[in-house]
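J.: Below is one structure. I have some questions about it.
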Amino acid sequence: MTQTTAENPARKQRAQLKVRTLRTDRWWLAPALTFTGLLTFLIYGFWAIFDQSYLAEPYIAPFASPCLATACPEGARLFGLAPIGDWYTWPPGLLILGLPGGFRLTCYYYRKSYYRSFWLSPPACSVAEPHGKYTGETRLPLIIQNIHRYFFYFAVIIGLILTYDAVLAFRDKEGNWGHVGLGSIILLVNAILILGYTFGCHSCRHITAGRLNNFSKHPLRYKAWTFVSKLNAKHQQLAWASMFSVMIADLYVRLVAKGIINFPFA
Numbered sequence: 004m005t006q007t008t009a010e011n012p013a014r015k016q017r018a019q020l021k022v023r024t025l026r027t028d029r030w031w032l033a034p035a036l037t038f039t040g041l042l043t044f045l046i047y048g049f050w051a052i053f054d055q056s057y058l059a060e061p062y063i064a065p066f067a068s069p070c071l072a073t074a075c076p077e078g079a080r081l082f083g084l085a086p087i088g089d090w091y092t093w094p095p096g097l098l099i100l101g102l103p104g105g106f107r108l109t110c111y112y113y114r115k116s117y118y119r120s121f122w123l124s125p126p127a128c129s130v131a132e133p134h135g136k137y138t139g140e141t142r143l144p145l146i147i148q149n150i151h152r153y154f155f156y157f158a159v160i161i162g163l164i165l166t167y168d169a170v171l172a173f174r175d176k177e178g179n180w181g182h183v184g185l186g187s188i189i190l191l192v193n194a195i196l197i198l199g200y201t202f203g204c205h206s207c208r209h210i211t212a213g214r215l216n217n218f219s220k221h222p223l224r225y226k227a228w229t230f231v232s233k234l235n236a237k238h239q240q241l242a243w244a245s246m247f248s249v250m251i252a253d254l255y256v257r258l259v260a261k262g263i264i265n266f267p268f269a
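Just so we're aligned, residue 4 is where the sequence shown starts under the working numbering, counting upward by one.
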């Protein structure tokens, strides 16, 4: 027979633990590594925004693309144009990095990453968080996370521009096709990873066919959804790979522009 709470007062309370967790493994390692990786990216990005060595033709650093002002070197301008004119004289990264940055900041995977590593909310499974109250993403500032789907559209544009830059990296300084340098390969790999991460986004999966009730009536959208779903299954891996690839590609171009890496071998 099952005892009632009246017969057994001990059933009224849950187990009272005086420790933060009973886990004995190194549960803190994952959030610590995540914290280190994200912080490294943030520090590099802040430095790159203000570094002016972003063009080493035919390469343009991803953090400075697209360059839309007349203050930008002609080789760094998108399609050779400067649509915002000469009123903007600040580094190009300040103007455009908010778009892919906002996409990553509101990404479902990155939310989990920095919630756990920066805010310890919670730091790991079965580990209590230090915060006394939890309101989720229903109040400012976290309610802004809900605009992630709109950042997705801008991220697609940026990804396509970086792909365009990668294609142009196979030309030499004079514009002749056939140049293949290490930078060409690095920018191409980066563009592929950026597109893989972008199109593997949960919002993209929902847009392609997430609201359909009958896949058989929409075979093309179903195929697109299937492809995006495969990318989505690797979203975490693509998030990290593309984050480091864009940082490596950006740094490589800047080192070439500074003459630290000699152009004949670039």
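Every residue, glycine too, gets a C-beta built ideally from N, C-alpha and C.
Being a predicted model, the structure only gives us computed values, none of them experimental.
List the DSSP bridge partners of Arg152.
T.: In DSSP, Arg152 forms no bridge with anything.
J.: Which partner residues does Lys70 have in the DSSP bridge list?
T.: The question names Lys, yet the displayed sequence has Cys at residue 70. BP columns for Cys70 point to Arg80.
J.: Count the other CB atoms, across all protein chains shown, that sit within 10 Å of the CB of Gly88; report buried if there are 16 or more and exposed otherwise.
T.: exposed
J.: So, with DSSP's three-state summary, where would you put Arg58?
T.: Contrary to the premise, residue 58 reads as Leu rather than Arg in this sequence. Reduced to three states, the DSSP call for Leu58 is strand.
J.: Identify whether Ile164 lies in helix, strand or coil by the three-state DSSP scheme.
T.: It is helical.
J.: Please classify Glu60: is it buried, with 16 or more other beta-carbons within 10 angstroms of its beta-carbon, or exposed?
T.: buried
J.: If I follow the unbroken alpha helix (DSSP H) through Val192, where does it start and stop?
T.: Leu185 to Phe202
J.: Considering only their Cβ atoms, is the gap separating Ser68 from Leu165 smaller than 8 Å?
T.: yes
J.: Using the beta-carbon count (16 or more within 10 Å), is Leu71 buried or exposed?
T.: buried
J.: Whole angstroms are fine: how far does the CA of Asp54 sit from the CA of Met203?
T.: According to the sequence displayed, residue 203 carries Gly and not Met. Roughly 31 Å separates the two Cα atoms.
J.: CB of Ile87 to nearest heavy atom of the ligand ADP: below 7 Å?
T.: Inclusion of the ligand ADP in the displayed structure is not the case, the ligand content being empty and no account of it being possible.
J.: Suppose the cutoff is 7 Å on Cβ atoms and the five residues either side in sequence are ignored; what does the same chain contact list for Arg208 look like?
T.: Trp228, Val231, Ser232 and Asn235
J.: Once DSSP output is grouped into helix, strand and coil, what is the label at Arg208?
T.: helix
J.: With a threshold of 8 Å between beta-carbons, can Ser232 be considered close to chain B, or not?
T.: The chain inventory of the structure shown lacks chain B, comprising one protein chain alone.
J.: Do you know whose CA, among His151, Tyr137, Cys128 and Trp122, lies nearest Leu108's CA?
T.: His151
J.: Which residues in the same chain as Met246 place their Cβ atom closer than 6 Å to its Cβ, once the five residues preceding and following it in sequence are excluded?
T.: Beyond the five residues adjoining it in sequence on each side, Met246 comes within less than 6 Å, by CB distance, of Phe44 in the same chain, given in chain order.
J.: Based on Cα-Cα distance, which residue from Pro94, Asp28 and Phe155 lies nearest to Pro65?
T.: Pro94
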